[in-house]
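A quick write-up on the structure given underneath.
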Amino acid sequence: MTELNLPLKGTGDIFGLPLRRRLAVTGALANLARRHGYDQVEVPLIERASSFSEEVVGRSPWPEWDQRGCFYLQVPDYKSLYDNPPTLTDALLIPEGTISVTRWLGRLLSDDPGFVWPLKLFYLTPSFRNELIDGLDELKRRQFNQFGLEILGAPSGSADIEAIHLITTSLYELGIPERAVRVRVGDMAIFNRLVELSGLDPDTAIRLKEALDAIAECKAGKRPERHSTLIDDVDRLACGAHLGPRWAKVWGELARTPHSLSVIEKVSDTVVQERLASVRKLAATLDALGVTVKIDLCVVRSHEYYTGIAFEIDVFTNTQAFIEVGGGGRYDRLVGHFMADRTAAPPVPATGFAFGVERLVHLLDRLGLLGSDRSAGATMSMARAVADVLVIPQSATADGYREAAEVAAKYRAAGRAVDIYLGDPAHEVAYATARGITQSHTVTER
Numbered sequence: 004m005t006e007l008n009l010p011l012k013g014t015g016d017i018f019g020l021p022l023r024r025r026l027a028v029t030g031a032l033a034n035l036a037r038r039h040g041y042d043q044v045e046v047p048l049i050e051r052a053s054s055f056s057e058e059v060v061g062r063s064p065w066p067e068w069d070q071r072g073c074f075y076l077q078v079p080d081y082k083s084l085y086d087n088p089p090t091l092t093d094a095l096l097i098p099e100g101t102i103s104v105t106r107w108l109g110r111l112l113s114d115d116p117g118f119v120w121p122l123k124l125f126y127l128t129p130s131f132r133n134e135l136i137d138g139l140d141e142l143k144r145r146q147f148n149q150f151g152l153e154i155l156g157a158p159s160g161s162a163d164i165e166a167i168h169l170i171t172t173s174l175y176e177l178g179i180p181e182r183a184v185r186v187r188v189g190d191m192a193i194f195n196r197l198v199e200l201s202g203l204d205p206d207t208a209i210r211l212k213e214a215l216d217a218i219a220e221c222k223a224g225k226r227p228e229r230h231s232t233l234i235d236d237v238d239r240l241a242c243g244a245h246l247g248p249r250w251a252k253v254w255g256e257l258a259r260t261p262h263s264l265s266v267i268e269k270v271s272d273t274v275v276q277e278r279l280a281s282v283r284k285l286a287a288t289l290d291a292l293g294v295t296v297k298i299d300l301c302v303v304r305s306h307e308y309y310t311g312i313a314f315e316i317d318v319f320t321n322t323q324a325f326i327e328v329g330g331g332g333r334y335d336r337l338v339g340h341f342m343a344d345r346t347a348a349p350p351v352p353a354t355g356f357a358f359g360v361e362r363l364v365h366l367l368d369r370l371g372l373l374g375s376d377r378s379a380g381a382t383m384s385m386a387r388a389v390a391d392v393l394v395i396p397q398s399a400t401a402d403g404y405r406e407a408a409e410v411a412a413k414y415r416a417a418g419r420a421v422d423i424y425l426g427d428p429a430h431e432v433a434y435a436t437a438r439g440i441t442q443s444h445t446v447t448e449r
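In the numbering used here, each residue's number is its place in the sequence shown (first place is 1) plus 3.
Here it is, written out as structure tokens:
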């Protein structure tokens with residue numbers, strides 16, 4: 004082998020059956036999204052570096068954030084002749100899809116202020132991260148593919164329930180038994196409120212968040228040997244921040260206690276307790292929909308732009324455990340950064356999830372679910388409508404969504420594409436018209 008015929012480290016060529024397996028998985032995911040009323044968006048692989056700046060995404064937008072972890076470049080913009088000096092634009096290869104989707108939406112809203120909410124979409128995009136060479140393996144690569152689904156313009160509650168319901172339904176559809184899929188749910192609003200109450204400075208808060216998220220992984224079964232060291236890290240951070248015994252104890256107990264709810268229940272603060280009640284209601288509704296949920300308030304993820312719930316998906320069989328095969332959360336402040344008038348633009352509520360496709364393919368292959376009987380099976384309609392039926396919940400509550408989901412499941416079982424309306428009840432007709440959906444079903448009281 005010579006360097007001339009080798010790809011760069013952390014990238015690779017794919018051909019034949021391995022490629023067909025990946026296409027089968029992404030085809031199934033796209034099919035499911037379309038049957039639930041989601042439409043696809045495609046974003047550029049090169050974006051302006053300013054879209055991924057600290058001002059927009061925060062100081063830790065993904066694990067091990069470091070500017071050296073992205074592939075930066077300068078794009079030469081020539082005008083009429085190549086002989087003239089170009090204007091240089093700082094850019095990068097995109098490390099994930101959510102930022103590009105929200106950048107696109109900001110432009111869309113600037114062009115069309117009367118846009119009808121909410122917007123449901125999915126994307127499939129190559130992504131690039133400059134991982135450390137010594138840490139590269141079959142699954143940790145510098146080029147990978149990401150499948151994501153986003154609900155934009157719908158407040159927390161039903162939209163968060165739908166996002167988690169769909170990420171688990173995606174795994175069921177790929178052949179993973181329901182009993183094997185588990186969701187760990189935390190809440191960034193609770194974490195941020197604890198940071199505020201305890202007086203943590205931003206640097207310490209980021210380091211504490213990353214330690215707690217790693218602790219959540221340990222509790223789930225990923226490299227549990229780290230747990231004691233991470234607990235020491237939390238104690239050291241709390242001590243160094245001079246929090247006083249009360250808040251040092253809260254953070255220490257959160258890191259140590261297997262059941263984090265018992266720690267947060269003792270925090271006497273209205274905001275914390277209201278958020279805790281909301282997370283519990285979400286978990287109860289998902290349980291009624293057949294989703295196995297565990298509330299772990301150490302699940303805070305590394306993305307700085309999350310503002311509400313954060314969740315991660317694990318798969319457990321009798322002999323194997325796959326931790327964090329996908330995840331997501333709520334990010335209500337991100338879209339506003341890309342609006343034409345950022346000061347006047349109201350927050351755009353948003354929630355979603357993403358899979359690393361190669362990780363998902365690896366999981367399915369290990370479970371023997373990518374045999375010769377599986378086909379890509381991707382279909383799409385050229386019709387204007389994004390769904391055949393719009394199911395309208397009786398109320399914009401968790402119980403209202405659960406009842407609507409039961410009605411929608413019957414339509415989908417009959418082969419119909421169904422969108423569950425998540426927006427303001429006053430705009431449901433405008434929404435159906437904008438999406439081209441001609442049949443609606445309003446859930447009535449039982």
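Cβ atoms here follow ideal geometry from the backbone N, Cα and C, with glycine treated the same way.
Because the structure is a prediction, the values reported are computed rather than measured.
- Given a length threshold of 3 residues, each whole run of the beta strand (DSSP E) inside the segment 361 to 413 is given here in chain order: 392 to 395.
- Rounded to whole angstroms, the Cβ separation of Ile423 and Ala411 is 5 Å, and the two are in contact under 8 Å.
- A Cβ-Cβ contact shorter than 8 Å links Pro352 with Gly156.
- Counting only unbroken stretches of 4 or more residues, the alpha helix (DSSP H) elements lying wholly within the segment 101 to 158 are 101 to 114, in sequence order.
- In this structure, the beta-carbon distance from Val253 to Val266 falls below 8 Å.
- Rounded to whole angstroms, the separation of the alpha carbons of Val364 and Phe18 is 15 Å.
- For Pro79, the uninterrupted beta strand (DSSP E) run begins and ends at 75 to 80, by DSSP.
- Secondary structure note for Leu169: its alpha helix (DSSP H) is the uninterrupted segment 161 to 176.
- Of the residues assessed, Ile136 falls on the exposed side of the cut-off, its CB having fewer than 16 other CB atoms within 10 angstroms.
- Looking at the backbone, the Cα of Thr322 and that of Pro180 are separated by about 14 Å.
- Taken through DSSP and simplified to helix, strand or coil, Ser443 comes out as strand.
- Contact between Gly332 and Gly359 is ruled out by a C-beta separation of about 16 Å, above the 8 Å threshold.
- The segment 238 to 245 and the segment 206 to 220 touch, with three or more beta-carbon pairs separated by less than 8 Å.
- In the three-state DSSP reduction, Gly418 falls in the coil class, being neither helix nor strand.
- Excluding residues up to 5 positions away in sequence, Gly109, Leu112, Ser113, Ala348 lie with their Cβ nearer than 7 Å to the Cβ of Met342 in the same chain.
- Exposed is the label assigned to Ala287, since fewer than 16 other Cβ atoms lie within 10 Å of its Cβ.
- Contact check for Thr101 against Gly355 passes: the beta carbons are separated by less than 8 Å.
- Only residues of its own chain outside the window of five on either side were considered, and among them Leu76, Val78, Ala94, Leu95, Leu96, Ile97 have a CB closer than 8 Å to the CB of Ile49, listed in chain order.
- For Gly202, no alpha helix (DSSP H) segment is defined, and its DSSP state is neither H nor E.
- Per DSSP, the unbroken alpha helix (DSSP H) holding Gly255 starts and ends at 248 to 259.
- Around Met191, the same chain offers Val303, Arg304, Tyr309, Thr310, Gly311, Ile312, Ala313, Gly332, Arg333 as residues with beta carbons nearer than 8 Å, after the five sequence neighbours per side are excluded.
- About 6 Å separates the Cβ atoms of Leu169 and His39, confirming a contact at the 8 Å cut-off.
- Taking all protein chains in view, the Cβ of Lys212 is crowded by 16 or more other Cβ atoms within 10 Å, so the residue is classified as buried.
- In this structure, Tyr175 lies away from Val46, with their beta-carbon atoms at least 8 Å apart.
- Annotated as distal: Ala388 and Ser161, with beta-carbon spacing of 8 Å or more.
- Per the C-alpha coordinates, the member of Pro158, Asp69, Gln149 positioned closest to Asn133 is Asp69.
- Rounded to whole angstroms, Pro350 and Tyr404 show a C-alpha spacing of 23 Å.
- For Glu213, the secondary structure class from DSSP, reduced to helix, strand or coil, is helix.
- Residue Arg25 holds the alpha-carbon nearest to the alpha-carbon of Glu361 among Arg25, Leu11, Gly13.
- Within the model, the alpha-carbon separation for Thr14 versus Val446 is close to 49 Å.
- For Glu431, there is no enclosing beta strand (DSSP E); the residue is found in the alpha helix (DSSP H) stretching over 431 to 438.
- Nearest to Leu366 by alpha-carbon distance, out of Thr295, Ala183, Arg229, Tyr414, is Ala183.
- Listed as beta-bridge partners of Glu315 by DSSP are Arg187, Gly330.
- If you draw a straight line from the Cα of Ala416 to the Cα of Glu409, it is about 11 Å long.
- Remark: C-beta atoms of Thr92 and Arg145 do not approach each other more closely than 8 Å.
- Within the same chain, Cys221 come within 6 Å of His230 by CB-CB distance, once the 5 residues on both sides are set aside.
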